[in-house]
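To keep things clear, I will list the structure first and then write my remarks on it.
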Amino acid sequence: MNALLHGRLTGLLALAAAIAILPAFLPNNFYLDIAILAGFNAVVCVGLNLLIGYAGQISLGHAGFFGIGAYASGVLVGTYGWPPIVALLAGAAFVGLLAFLVAKPILRLKGHYLAMATLGIGIIVSIVLRTESGLTGGPDGMMVEPFKIFGVELYGEKVWYWVVGVLLVGVVWLSLNLIDSPMGRALRAVHGSEVAAEVVGVDTARFKVLVFVLSAVFASVAGSLFAHYAGLITPAKADFFKSIELVTMVVFGGMASTFGAVVGAVVLTLLPQALTIFQDYQQIVLGGILMATMVFMPKGLLPTLAALLPARRRA
Amino acid sequence: MFAELLQYLLSGLTIGAIYALAGLGFSIIYNASHVINFAQGEFIMIGGMASATLTASGVPLPLAIMIGCGGAMLVGVLVAKFAVERARNASTVTLIIITIGASIFLRGVAELVWGKDFKRLDAFSGETPIQIMGASMQPQSLWVVGTAGVLIVAIGLFFARTLTGKAILATSHNRLAAQLVGIDVKRVVLASFALSAALGAVGGAVVAPITFSYTEMGIMLGLKGFTAAVLGGLGHGPGAVAGGLIVGIAEALGAGYISSAYKDAVAFVIILAVLLFMPNGLFGKRGTERV
Numbered sequence: 001m002n003a004l005l006h007g008r009l010t011g012l013l014a015l016a017a018a019i020a021i022l023p024a025f026l027p028n029n030f031y032l033d034i035a036i037l038a039g040f041n042a043v044v045c046v047g048l049n050l051l052i053g054y055a056g057q058i059s060l061g062h063a064g065f066f067g068i069g070a071y072a073s074g075v076l077v078g079t080y081g082w083p084p085i086v087a088l089l090a091g092a093a094f095v096g097l098l099a100f101l102v103a104k105p106i107l108r109l110k111g112h113y114l115a116m117a118t119l120g121i122g123i124i125v126s127i128v129l130r131t132e133s134g135l136t137g138g139p140d141g142m143m144v145e146p147f148k149i150f151g152v153e154l155y156g157e158k159v160w161y162w163v164v165g166v167l168l169v170g171v172v173w174l175s176l177n178l179i180d181s182p183m184g185r186a187l188r189a190v191h192g193s194e195v196a197a198e199v200v201g202v203d204t205a206r207f208k209v210l211v212f213v214l215s216a217v218f219a220s221v222a223g224s225l226f227a228h229y230a231g232l233i234t235p236a237k238a239d240f241f242k243s244i245e246l247v248t249m250v251v252f253g254g255m256a257s258t259f260g261a262v263v264g265a266v267v268l269t270l271l272p273q274a275l276t277i278f279q280d281y282q283q284i285v286l287g288g289i290l291m292a293t294m295v296f297m298p299k300g301l302l303p304t305l306a307a308l309l310p311a312r313r314r315a
Numbered sequence: 316m317f318a319e320l321l322q323y324l325l326s327g328l329t330i331g332a333i334y335a336l337a338g339l340g341f342s343i344i345y346n347a348s349h350v351i352n353f354a355q356g357e358f359i360m361i362g363g364m365a366s367a368t369l370t371a372s373g374v375p376l377p378l379a380i381m382i383g384c385g386g387a388m389l390v391g392v393l394v395a396k397f398a399v400e401r402a403r404n405a406s407t408v409t410l411i412i413i414t415i416g417a418s419i420f421l422r423g424v425a426e427l428v429w430g431k432d433f434k435r436l437d438a439f440s441g442e443t444p445i446q447i448m449g450a451s452m453q454p455q456s457l458w459v460v461g462t463a464g465v466l467i468v469a470i471g472l473f474f475a476r477t478l479t480g481k482a483i484l485a486t487s488h489n490r491l492a493a494q495l496v497g498i499d500v501k502r503v504v505l506a507s508f509a510l511s512a513a514l515g516a517v518g519g520a521v522v523a524p525i526t527f528s529y530t531e532m533g534i535m536l537g538l539k540g541f542t543a544a545v546l547g548g549l550g551h552g553p554g555a556v557a558g559g560l561i562v563g564i565a566e567a568l569g570a571g572y573i574s575s576a577y578k579d580a581v582a583f584v585i586i587l588a589v590l591l592f593m594p595n596g597l598f599g600k601r602g603t604e605r606v
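Respectively, the protein sequence lines represent chains A and B. For the first sequence, the residue numbers in the working numbering are 1 to 315. For the second sequence, the residue numbers in the working numbering are 316 to 606.
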């Protein structure tokens, strides 16, 4: 566990190995499907964790970016016949630009005001997706064409599992590198004390904007690929509750821990599936688990578990 | 033309009064504990559902509202005591998730107790519309605006005149100093949750005849209340009230003149525009950050 948290390469290899052997333990496509959904959530959460855990900024609107990516792929490929990869990149570029434009004024805000602003953006996006039914199919959502690249169509859970697996490893690798770079140190300084970071010469605004844009783009790419995988996209994937779910995954797994974000995404994707046995009590159990973990493990799952282990790393 | 405008203003005022109550609830809790209570909308829902279901089973309306109000206060105190106070030193994000967890939990319980269907509550004094210069108004709107007005004035007096009110204010200014002069800050937090819950529950009861009650009624009302509180400047009571009225009226005008589909987006467009130029809301303190 210590190695997982502190060794960059070891952790990455462990993740890759876990992804590689997991299918052997999944009896059928139903479980593979859940693993894929967990993977998509993990990709978004790794990006969101950069923002929440490292830059100390909260976003309650990231599902909006996921939704824009998803609908960009759905609309551009389905309605306008663009090649899927071009639509994916166009969606990501648009989200990046949007995030950049809103980031500067928004990231100047602190704490709850920032929560409010990102929440507002997310809700506006989901209302637009719900309302512009001529383009988006409205509340019922829209069908999305399969993903084709170089004449090959990505089809079936088995193929998509590897696509998501590779994407996740790539995203984790990228963010681990980012965290260990001078920029990552600057970000942690921003989280620790923004004023102190500014005093020692860190351009805090620039870093925060960059991370906000990057995490939004991760969400958009995940959204695009998700839309192609699922074949159907609905506004629910972009609404307030999805945003909350994403933030919860990050905080549950452990803020400022990239692998924590992955663990949080996996556990909380599985949880509702597991909770279906509670039927009518599902919401009560979910709400109760959220409250209890946050009250008793405010640092999140992975850092709390790591702290329980004997402190070998001091030796 | 004028009648139309008046019509929109009246309906905006009605819903704005509810947003104002919810916003005030956010502000009171924020002042006492620096927590954004995302379960505020659930207090409104409890008030609406309790009064609708209790009157349907024969309980007189005033008693039903009082029971709903008491129930919401109890829930508020429990949330404060067993979730929020225990995570006192957790980060902002953690506290936000705790209150969101509480709201999911409460909705789950409400669905179990009351079911998922819409519940109807009769208007308090008939449904004959009142004609005012060409615009018509439901008598229930008067109940909503009047009740909200009375509650807001009462809250103002509570903070200005009573010892408990002053203790809450003192705690919001400086928790440690308040503790040093002998204020039981834990009880202040509990009191603020109870107070906000009561405001929400009464608001839910008076608005129920207009909106119907259902277990998810609190979601948007709560978010709009949060918008109202932020618009006025978090922790600024009169600001939250003004914010609520602004959001309500703008929403009604937007729905009337622009597009009713985008009604729910109006509040969030306003808040983004305002935060862009006034990062502390309309009336918030322009304070400097202590390092």
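Every residue, glycine too, gets a C-beta built ideally from N, C-alpha and C.
Could you pull the start and end residues of the beta strand (DSSP E) that residue i belongs to?
i: methionine 622 of chain B; result: Lying outside 316 to 606, the shown extent of chain B, residue 622 of chain B is not represented and no answer is given.
i: methionine 452 of chain B; result: 450-452
Taking just the CA atoms, how far does residue j sit from residue i?
i: asparagine 2 of chain A; j: alanine 306 of chain A; result: A caution first: asparagine 2 of chain A carries a pLDDT of 49, below 50, which makes its placement in the model too unreliable to give a value.
i: isoleucine 149 of chain A; j: valine 86 of chain A; result: 10 Å
i: valine 428 of chain B; j: alanine 516 of chain B; result: 17 Å
i: leucine 472 of chain B; j: leucine 510 of chain B; result: 13 Å
i: alanine 261 of chain A; j: proline 84 of chain A; result: 28 Å
i: leucine 587 of chain B; j: tyrosine 113 of chain A; result: 10 Å
i: phenylalanine 508 of chain B; j: glycine 537 of chain B; result: 15 Å
i: threonine 477 of chain B; j: phenylalanine 65 of chain A; result: 48 Å
i: threonine 10 of chain A; j: leucine 246 of chain A; result: 26 Å
i: cysteine 384 of chain B; j: valine 217 of chain A; result: 45 Å
i: lysine 299 of chain A; j: methionine 255 of chain A; result: 7 Å
i: valine 144 of chain A; j: serine 257 of chain A; result: 34 Å
i: tyrosine 334 of chain B; j: isoleucine 585 of chain B; result: 14 Å
i: valine 164 of chain A; j: serine 243 of chain A; result: 20 Å
i: leucine 457 of chain B; j: serine 440 of chain B; result: 10 Å
i: valine 169 of chain A; j: glycine 497 of chain B; result: 55 Å
i: alanine 274 of chain A; j: phenylalanine 353 of chain B; result: 26 Å
i: glutamine 283 of chain A; j: glycine 449 of chain B; result: 47 Å
i: glycine 81 of chain A; j: serine 220 of chain A; result: 19 Å
i: glycine 53 of chain A; j: glycine 223 of chain A; result: 22 Å
i: serine 181 of chain A; j: alanine 16 of chain A; result: 22 Å
i: lysine 158 of chain A; j: isoleucine 36 of chain A; result: 9 Å
If the cut is a Cβ gap below 9 Å, which residues of chain A does residue i touch?
i: valine 584 of chain B; result: Gly120 and Ile124
i: valine 390 of chain B; result: None at all; the shortest Cβ gap to chain A is about 13 Å.
List, in order along the chain, the chain A residues whose C-beta lies closer than 7 Å to that of residue i?
i: valine 504 of chain B; result: Correct list: empty, because the minimum Cβ distance to chain A is about 15 Å.
For residue i, return the contacting residues in chain B, with the cut-off set at a CB-CB distance below 8 Å.
i: glycine 288 of chain A; result: Gly416 and Phe420
i: leucine 135 of chain A; result: The contacting residues do not exist; leucine 135 of chain A stays about 14 Å from chain B at best.
i: arginine 185 of chain A; result: The contacting residues do not exist; arginine 185 of chain A stays about 20 Å from chain B at best.
Pull up the DSSP beta-bridge partners for residue i, would you.
i: glutamine 446 of chain B; result: B/Ser451
i: isoleucine 233 of chain A; result: A/Met142
i: isoleucine 149 of chain A; result: A/Val152
i: serine 528 of chain B; result: B/Lys434
Hey, could you find the ends of the alpha helix (DSSP H) residue i is sitting in?
i: isoleucine 585 of chain B; result: 578-592
i: asparagine 49 of chain A; result: 29-49
i: isoleucine 52 of chain A; result: Segment: none, isoleucine 52 of chain A is in no alpha helix (DSSP H) and carries neither H nor E.
i: isoleucine 419 of chain B; result: 407-429
i: glycine 323 of chain B; result: Inspection of the sequence shows that residue 323 of chain B is occupied by tyrosine rather than by glycine. It spans 317-348 - the alpha helix (DSSP H) in which tyrosine 323 of chain B sits, taken as one unbroken run.
i: threonine 276 of chain A; result: That residue, threonine 276 of chain A, is in no alpha helix (DSSP H); it is neither H nor E in DSSP.
i: tyrosine 71 of chain A; result: 62-78
i: histidine 488 of chain B; result: 478-488
i: phenylalanine 100 of chain A; result: 84-107
i: proline 553 of chain B; result: 552-568
Taking residue i as the query, report the chain A residues whose CB atoms sit under 8 Å from its CB, ordered along the chain.
i: threonine 409 of chain B; result: Val251, Met294 and Pro298
i: alanine 580 of chain B; result: Ile123, Ile124, Ile127 and Val128
i: arginine 490 of chain B; result: Result: empty, since nearest Cβ-Cβ is about 17 Å, beyond 8 Å.
i: valine 556 of chain B; result: The contacting residues do not exist; valine 556 of chain B stays about 18 Å from chain A at best.
Using a Cβ cut-off of 9 Å, pull out every chain B residue sitting near residue i, in sequence order please.
i: threonine 248 of chain A; result: Ile412, Ile415 and Gly416
So, do the segment 100-113 of chain A and the segment 551-559 of chain B have three or more beta carbon pairs nearer to each other than 8 Å?
no
Answer yes if the segment 49-59 of chain A comes into contact with the segment 208-221 of chain A, meaning at least three C-beta pairs across the two stretches below 8 Å, and no otherwise.
yes
Pair every Cβ in the segment 230-250 of chain A with every Cβ in the segment 70-78 of chain A, then say whether three or more of these pairs are closer than 8 Å.
yes
Taking contact to mean at least 3 C-beta pairs separated by less than 8 Å, is the segment 19-30 of chain A in contact with the segment 183-195 of chain A?
When Cβ pairs closer than 8 Å are counted between the two stretches, the segment 19-30 of chain A is seen not to touch the segment 183-195 of chain A, the count staying below three.
Between the segment 404-412 of chain B and the segment 247-264 of chain A, can you find at least three pairs of beta-carbon atoms closer than 8 Å?
yes
Are at least three pairs of beta-carbons, each pair with one atom in the segment 255-270 of chain A and one in the segment 41-50 of chain A, less than 8 Å apart?
yes
Quick one: any contact between the segment 427-444 of chain B and the segment 541-549 of chain B, if contact means 3 or more CB pairs under 8 Å?
no
Quick check: the segment 369-387 of chain B against the segment 516-526 of chain B, are there 3 or more CB pairs under 8 Å?
yes
Decide yes or no for the touch test of the segment 278-296 of chain A against the segment 392-410 of chain B: beta carbon pairs closer than 8 Å, at least 3 of them.
yes
Between the segment 556-570 of chain B and the segment 112-129 of chain A, do at least 3 Cβ pairs fall closer than 8 Å?
Judged by pairs of C-beta atoms under 8 Å, the segment 556-570 of chain B does not touch the segment 112-129 of chain A, as fewer than three such pairs exist.
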